[in-house]
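Trainee:
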Amino acid sequence: MALRNIALLCGRTRGVLATRGAAHFNFQPTEAPKEYGEERTKMNLCQAVNNAMDIAMATDPSAILFGEDVAFGGVFRCSLGLKDKYGSDRVFNTPLCEQGIAGFGIGVAVAGSTAIAEIQFGDYIFPAYDQLVNEAAKYRYRSGGLFECGKLTVRATWGAVGHGALYHSQSPEANFTHTPGIKVVVPRGPTQAKGLLLSCIRDDNPAIFFEPKILYRLAAEEVPTGDFMIPLSKAETVRSGKDVTIVSWGTQVHVSLEAAQLAQEKLGVSVEVIDLQTIQPWDEEHIVQSVKKTGRLIVSHEAPKTSGFGAEIAAAIQERCFLHLESPVARSCGWDTPFPHVYEPFYLPTVWRVFDSIKKTVNF
Amino acid sequence: MSAPFSIQCFTCAKCKRIFNASAEQNAMVINNSTGAVVCQGCAEPGNTSSLAPYLQMIQEATMAIPKHVPVKPRDLEAQTSQTTRQNQQAAFTEKLEFIDSSKSPAIPIYRVTDGLGKFIDPAQDPGFGKEKSIRIYETMTQLNIMDRILYDAQRQGRIAFYMTNSGEEGNHVGSAAALEAQDLIYGQYREVGVLMWRGFPLEQFMHQCYGNSKDLGKGKQMPIHYGSQEHNFVMISSPLSTQMPQAVGSAYAFKRQPNNSRVVCVYFGDGGASEGDAHAAFNFAATLDCPIIFFCRNNGYAISTPTTEQYGGDGIAGQGPGYGLHTIRVDGNDLFAVYNATRHARKLALSNKPVLIEAMTYRLGHHSTSDDSTTYRSADEVQKWGSGDHPIERFKAYLMEKGWWTEQWDNEWALQVRERVLTAFAASEKIQRAPYHEMFEGVYDGRQELDDHLAEFGTHYPLDRHLKKN
Numbered sequence: 028m029a030l031r032n033i034a035l036l037c038g039r040t041r042g043v044l045a046t047r048g049a050a051h052f053n054f055q056p057t058e059a060p061k062e063y064g065e066e067r068t069k070m071n072l073c074q075a076v077n078n079a080m081d082i083a084m085a086t087d088p089s090a091i092l093f094g095e096d097v098a099f100g101g102v103f104r105c106s107l108g109l110k111d112k113y114g115s116d117r118v119f120n121t122p123l124c125e126q127g128i129a130g131f132g133i134g135v136a137v138a139g140s141t142a143i144a145e146i147q148f149g150d151y152i153f154p155a156y157d158q159l160v161n162e163a164a165k166y167r168y169r170s171g172g173l174f175e176c177g178k179l180t181v182r183a184t185w186g187a188v189g190h191g192a193l194y195h196s197q198s199p200e201a202n203f204t205h206t207p208g209i210k211v212v213v214p215r216g217p218t219q220a221k222g223l224l225l226s227c228i229r230d231d232n233p234a235i236f237f238e239p240k241i242l243y244r245l246a247a248e249e250v251p252t253g254d255f256m257i258p259l260s261k262a263e264t265v266r267s268g269k270d271v272t273i274v275s276w277g278t279q280v281h282v283s284l285e286a287a288q289l290a291q292e293k294l295g296v297s298v299e300v301i302d303l304q305t306i307q308p309w310d311e312e313h314i315v316q317s318v319k320k321t322g323r324l325i326v327s328h329e330a331p332k333t334s335g336f337g338a339e340i341a342a343a344i345q346e347r348c349f350l351h352l353e354s355p356v357a358r359s360c361g362w363d364t365p366f367p368h369v370y371e372p373f374y375l376p377t378v379w380r381v382f383d384s385i386k387k388t389v390n391f
Numbered sequence: 053m054s055a056p057f058s059i060q061c062f063t064c065a066k067c068k069r070i071f072n073a074s075a076e077q078n079a080m081v082i083n084n085s086t087g088a089v090v091c092q093g094c095a096e097p098g099n100t101s102s103l104a105p106y107l108q109m110i111q112e113a114t115m116a117i118p119k120h121v122p123v124k125p126r127d128l129e130a131q132t133s134q135t136t137r138q139n140q141q142a143a144f145t146e147k148l149e150f151i152d153s154s155k156s157p158a159i160p161i162y163r164v165t166d167g168l169g170k171f172i173d174p175a176q177d178p179g180f181g182k183e184k185s186i187r188i189y190e191t192m193t194q195l196n197i198m199d200r201i202l203y204d205a206q207r208q209g210r211i212a213f214y215m216t217n218s219g220e221e222g223n224h225v226g227s228a229a230a231l232e233a234q235d236l237i238y239g240q241y242r243e244v245g246v247l248m249w250r251g252f253p254l255e256q257f258m259h260q261c262y263g264n265s266k267d268l269g270k271g272k273q274m275p276i277h278y279g280s281q282e283h284n285f286v287m288i289s290s291p292l293s294t295q296m297p298q299a300v301g302s303a304y305a306f307k308r309q310p311n312n313s314r315v316v317c318v319y320f321g322d323g324g325a326s327e328g329d330a331h332a333a334f335n336f337a338a339t340l341d342c343p344i345i346f347f348c349r350n351n352g353y354a355i356s357t358p359t360t361e362q363y364g365g366d367g368i369a370g371q372g373p374g375y376g377l378h379t380i381r382v383d384g385n386d387l388f389a390v391y392n393a394t395r396h397a398r399k400l401a402l403s404n405k406p407v408l409i410e411a412m413t414y415r416l417g418h419h420s421t422s423d424d425s426t427t428y429r430s431a432d433e434v435q436k437w438g439s440g441d442h443p444i445e446r447f448k449a450y451l452m453e454k455g456w457w458t459e460q461w462d463n464e465w466a467l468q469v470r471e472r473v474l475t476a477f478a479a480s481e482k483i484q485r486a487p488y489h490e491m492f493e494g495v496y497d498g499r500q501e502l503d504d505h506l507a508e509f510g511t512h513y514p515l516d517r518h519l520k521k522n
């Protein structure tokens, strides 16, 4: 049922959900490796997430999906058709309460069932912060392994969408990377979304999976239809280069790829772009190897610069690669302001800001 | 006061005789070597202590914990002006009986007019004069028309986002008209009629939706996130129910002002009432006796979630008494009922008795321009609520019956309002946005780096949509 109907419905609702104006990037599709499966079909990120959850629920009878408005399909249609397929005891709306969703999800996991908890917007994850940081992340540690909630996965939408302003655009990953005990994952496209989400759901640790909402419709590519997983804590080099390394995640990977292409054309600089994928625990080794090769690193993320995850990467890399660095580690990020509405084009680390950063880095 | 508990008698540890503790207290002593309480006859000579000081201690201890009467928690603060709370006194019962809330009748819905706008009990007519009645009607209809135009504007890509208030005009204007200008309002996001009643100019609504340089918020927030210090309406924020405990705090601060004449009214929806912040707010308001009105707009849906999935008890009103709040449920589409209830609630709140009003209404429009409600509710349902029981229609019937309004004026008025809204709209669209530095106002600096970047790469940015920096 799922995919074709979703395509029709997404098409029909496109007018309703259309964002205003052009996006600040072009989505760069990637071709999935053969080992993820031969049979493929065109999916956007929303459909890929739907597909992942469908597979998770089909293969794990204990898996349940819950959150605000998930029953009718979700405000972004990610759970379309799942209630009809798996029943309302497995796919259901909760009352409007993020702290409840998180706590409930932990309890489901403690009892041995797989919990897929949806937080409608990452901007609204904060009421759940206590449960996630003080409980989920510490469950196994504080009980000496007697109790754990590894079967919990929290999905939340994430990042700039063109007009989301303060409360529909945030990238809250750094609020969670600071807490040992919980994993944080961000996909850059449909294939990654499917494979990484399945990994998060099946991973034995509580995880937060942030879905870049601007990519739900915009990002479409051929995605393997079978059951495949992309390993957590493994970064991926999306574009090879030898002069500068850019580390990024989510939507910003595509911005970085465009900036890299521009740098090649206009400056003759060869830029390597790496998608971190798992933000915590991150694939430090992969980045180290790249920086040892290029000697220059830029970290780029939408989240505000100060105390963003770029700060952690910069600190770790200067520790590991000090003598290899030809220039200071640069960070091309959102400004240290709340996410503004009409100033979004000026707030974001655009293709031009990243390009500017590349230029400054090679000319250091 | 006499102690409900007292030590009545002692038993001698050795001979087991019983002595009356008060009358025969000197007959008893403590054996120093064993610590046992014995009678003089069984005591070891020369090795005893008097029981008297211990009797005193025991007496005082038992008097301090009276049987069945809970301790007053604020005895220490009796010296301050803080009102001390008495928790409710509960009697004992020997019947094993659980309260089954599904068996209790639901809190009734207070109404003043029927579905056709006729007074049921004329004594409940608040007696608006012609001027006030017309102002109420004009505000409701202006809101309705502005909503339609701005909704369409979003569909055309002129503004980024919009939320309508369709069906809730009675809720907004009825409550707003019952409050005073100095009362502070905290809203959720679907209370435009309240702000409109208070006199927020039409142009300002437009400026905010466009986020241009004349917007009071300088374009930082999405459309419909209004606020106005002048009109005592706190700036809207998207997170649900965060405004609720804040409102309680403000109410408490007002309470402490000498001769306080302000109450706080905080609006929230049936969905928002599920948030933890709602619980915090209700509880704080009741324990701290705050001059606050909690106004719940129960419009049947939280995006796609119907109220059957939002709560298991008797709605939001059913929760009020549990917290110790004066509570009423009203017909939110009956402007008179909303008005009367809010007016009375205001009196209660001003005497530091917090109140909960649950106004039952229906969200006729989609949740927002990002929602298509046909995917989760039937057109029949919307049609039913839209045609019968509409707050504007009901109030219009009253106006017409009084002879203060005609169909002809109604048509003319609608055209007039439409033109006014469209004019304000067109004017607002042309106004540029504030200089991009506004993004950095109110937070830490970073603008120099952006200035430098734009000096080189400015052509790639929509600078023409923004005013130049001074």
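So the sequences go chain by chain: P and F. If you count the first sequence from 1, position 246 lands on 273 in this note's numbering, and the numbers rise without skipping. If you count the second sequence from 1, position 12 lands on 64 in this note's numbering, and the numbers rise without skipping. Ideal placement from N, C-alpha and C gives every residue a C-beta, glycine not left out. Just so you know, these numbers come straight off a predicted model, no measurement behind them.
1) Helix, strand or coil for PRO118(F) per DSSP?
2) What separation, rounded to the nearest whole angstrom, lies between the Cα atoms of GLN316(P) and PRO355(P)?
3) Excluding the 5 residues flanking ASP302(P) on each side, which residues of the same chain have their C-beta closer than 7 angstroms to its C-beta?
4) Assuming PHE392(P) is part of the alpha helix (DSSP H), what are its boundary residues?
5) Compare the C-alpha of PRO275(F) against each of TYR262(F), SER101(F), GLU146(F) and TYR391(F) and name the closest.
6) Specify the secondary structure class of SER553(F) as computed by DSSP and reduced to three states.
7) By the criterion of Cβ-Cβ separation under 7 angstroms, what are the contact partners of LEU292(F) in chain P?
8) Cβ of TYR513(F) less than 8 angstroms from any chain P Cβ?
9) Would you mind sorting ASN390(P) into buried or exposed? The rule is 16 or more other CB atoms within 10 Å of its CB.
10) Just to confirm the assignment: which complete alpha helix (DSSP H) runs, minimum length 4, are found wholly within the segment 145-211 of chain F?
11) With respect to the alpha helix (DSSP H) encompassing GLY245(F), which residues constitute its N-terminal and C-terminal limits?
12) Quick check on TYR166(P): does DSSP put it in helix, strand or coil?
13) Are the Cβ atoms of ILE241(P) and THR218(P) separated by less than 8 angstroms?
14) Against chain F, with Cβ distances strictly below 8 angstroms, would ILE91(P) count as a contact?
15) Leaving out five residues on either side along the sequence, give the residues of the same chain with a beta carbon under 7 angstroms from the beta carbon of TYR151(P).
16) Helix, strand or coil: which one does DSSP assign to THR555(F)?
17) Taking a contact to mean a Cβ-Cβ separation below 8 angstroms, would you say MET287(F) touches PRO443(F) in this structure?
18) Under 8 angstroms Cβ-Cβ, which residues of chain P neighbour ILE355(F)?
19) In angstroms, rounded to a whole number, what distance separates the CA positions of LYS454(F) and ARG187(F)?
20) Quick check on the DSSP output: what are the complete beta strand (DSSP E) runs of length 3 or more inside the segment 315-363 of chain P, in order along the chain?
21) Identify whether ARG69(F) lies in helix, strand or coil by the three-state DSSP scheme.
22) Just checking: is the beta-carbon of LYS272(F) within a distance shorter than 8 angstroms of some beta-carbon in chain P?
23) What are the partner residues of GLY537(F), as DSSP defines its beta bridges?
24) Leaving out the 5 sequence neighbours to the left and right, which residues in its chain are closer than 8 angstroms to ALA330(F) when beta-carbon positions are compared?
25) In terms of alpha-carbon separation, which member of LYS147(F), GLY271(F), TYR363(F) and ALA411(F) lies closest to GLY384(F)?
26) Kindly list the residues whose CB is nearer than 6 angstroms to the CB of THR216(F), restricted to its own chain and excluding five residues on each side of it in sequence; keep chain order.
27) Along chain P, which residues have their Cβ under 8 angstroms away from the Cβ of LEU502(F)?
28) Using the Cβ count rule (16 or more neighbours within 10 Å means buried), how would you classify GLU220(F)?
29) Does the contact criterion of 3 or more C-beta pairs under 8 angstroms hold for the segment 307-322 of chain F versus the segment 395-403 of chain F?
30) Using a Cβ cut-off of 8 angstroms, pull out every chain F residue sitting near LEU181(P), in sequence order please.
31) In terms of residues, what are the limits of the beta strand (DSSP E) holding CYS91(F)?
32) So with Cβ pairs under 8 angstroms, would you call LEU44(P) a contact of chain F?
33) Using only the alpha-carbon positions, how far apart do GLN281(F) and TYR391(F) sit?
34) With distance defined between alpha-carbon atoms, name the residue in GLU76(F), ASP441(F), ARG517(F) and ALA332(F) nearest to SER480(F).
35) Looking at the unbroken alpha helix (DSSP H) that takes in GLN468(F), where does it start and where does it end?
36) Pull up the DSSP beta-bridge partners for ASN120(P), would you.
Mentor: This is what the structure gives:
1) For PRO118(F), the predicted model reports a pLDDT of 49, less than 50, meaning its position is unreliable; a value from the coordinates is still stated below. Secondary structure of PRO118(F) (DSSP, three-state): coil.
2) In a straight line, the C-alpha of GLN316(P) is about 17 angstroms away from that of PRO355(P).
3) ARG215, ALA262, GLU263, VAL265, SER275, TRP276 and VAL280, listed in sequence order.
4) Since the first residue of chain P shown is 28 and the last is 391, residue 392(P) is not available in this structure.
5) Closest in alpha carbon position to PRO275(F), among TYR262(F), SER101(F), GLU146(F) and TYR391(F), is TYR262(F).
6) Within the shown structure, residues of chain F are numbered from 53 to 522, placing residue 553(F) beyond reach of any answer.
7) The contacting residues are LEU123.
8) Yes - at least one Cβ of chain P is within 8 angstroms of the one on TYR513(F).
9) Burial is judged here by how many other beta carbons sit within 10 angstroms of a residue's own beta carbon; ASN390(P) has fewer than 16 and is exposed.
10) With a minimum length of 4 residues, the continuous alpha helix (DSSP H) runs that stay inside the segment 145-211 of chain F are 182-207.
11) From DSSP, the alpha helix (DSSP H) with GLY245(F) extends over 244-249.
12) For TYR166(P), the secondary structure class from DSSP, reduced to helix, strand or coil, is helix.
13) Against a cut-off of 8 angstroms, the Cβ pair of THR218(P) and ILE241(P) comes out as no contact.
14) Judged by the 8 angstroms Cβ criterion, ILE91(P) is not in contact with chain F.
15) The beta carbon of TYR151(P) sits closer than 7 angstroms to the beta carbons of GLU125 from its chain, once the five residues preceding and following it are set aside; these are given in chain order.
16) Absent from the structure is residue 555(F), since the part of chain F shown begins at 53 and ends at 522.
17) No, Cβ-Cβ distance for MET287(F) and PRO443(F) is not below 8 angstroms.
18) GLU95, ASP96 and VAL102, listed in chain order.
19) The C-alpha of ARG187(F) is placed about 15 angstroms away from the C-alpha of LYS454(F).
20) Runs of the beta strand (DSSP E) inside the segment 315-363 of chain P: 324-331 and 357-361.
21) The answer is coil: DSSP assigns ARG69(F) none of H, G, I, E or B.
22) So, interface residue.
23) Here chain F comprises residues numbered 53 to 522, so residue 537(F) is not present and cannot be evaluated.
24) The answer, listed in chain order, is SER293, MET296, PHE320 and GLY324.
25) A check of alpha carbon separations from GLY384(F) across LYS147(F), GLY271(F), TYR363(F) and ALA411(F) identifies ALA411(F) as the nearest.
26) Excluding its 5 nearest sequence neighbours in each direction, THR216(F) has C-beta neighbours in its own chain below 6 angstroms: ASP199, TYR203 and GLY417, listed in chain order.
27) Think of a sphere of 8 angstroms around the beta carbon of LEU502(F): the chain P residues whose beta carbon falls inside it are TRP362 and PHE373, in chain order.
28) Flag for GLU220(F) reads buried.
29) Contact between the segment 307-322 of chain F and the segment 395-403 of chain F is present, because at least three Cβ pairs lie under 8 angstroms.
30) First, the residue type needs correcting, since residue 181(P) is Val and not Leu in the sequence shown. Neighbours of VAL181(P) on chain F: none; closest Cβ ~17 angstroms, over 8 angstroms.
31) Its beta strand (DSSP E) spans residues 89-91.
32) Low per-residue confidence applies at LEU44(P): pLDDT is 31, beneath 50, and the placement is therefore not dependable, though the value from the model is reported in the following sentence. For LEU44(P), the closest Cβ of chain F is nearer than 8 angstroms.
33) For GLN281(F) and TYR391(F), the gap between their C-alpha atoms comes out near 24 angstroms.
34) Restricting attention to GLU76(F), ASP441(F), ARG517(F) and ALA332(F), the CA atom closest to the CA of SER480(F) is found in ARG517(F).
35) GLN468(F) -> alpha helix (DSSP H) spans 459-482.
36) For ASN120(P), which the question treats as bridged, DSSP gives the partners GLY94(P).
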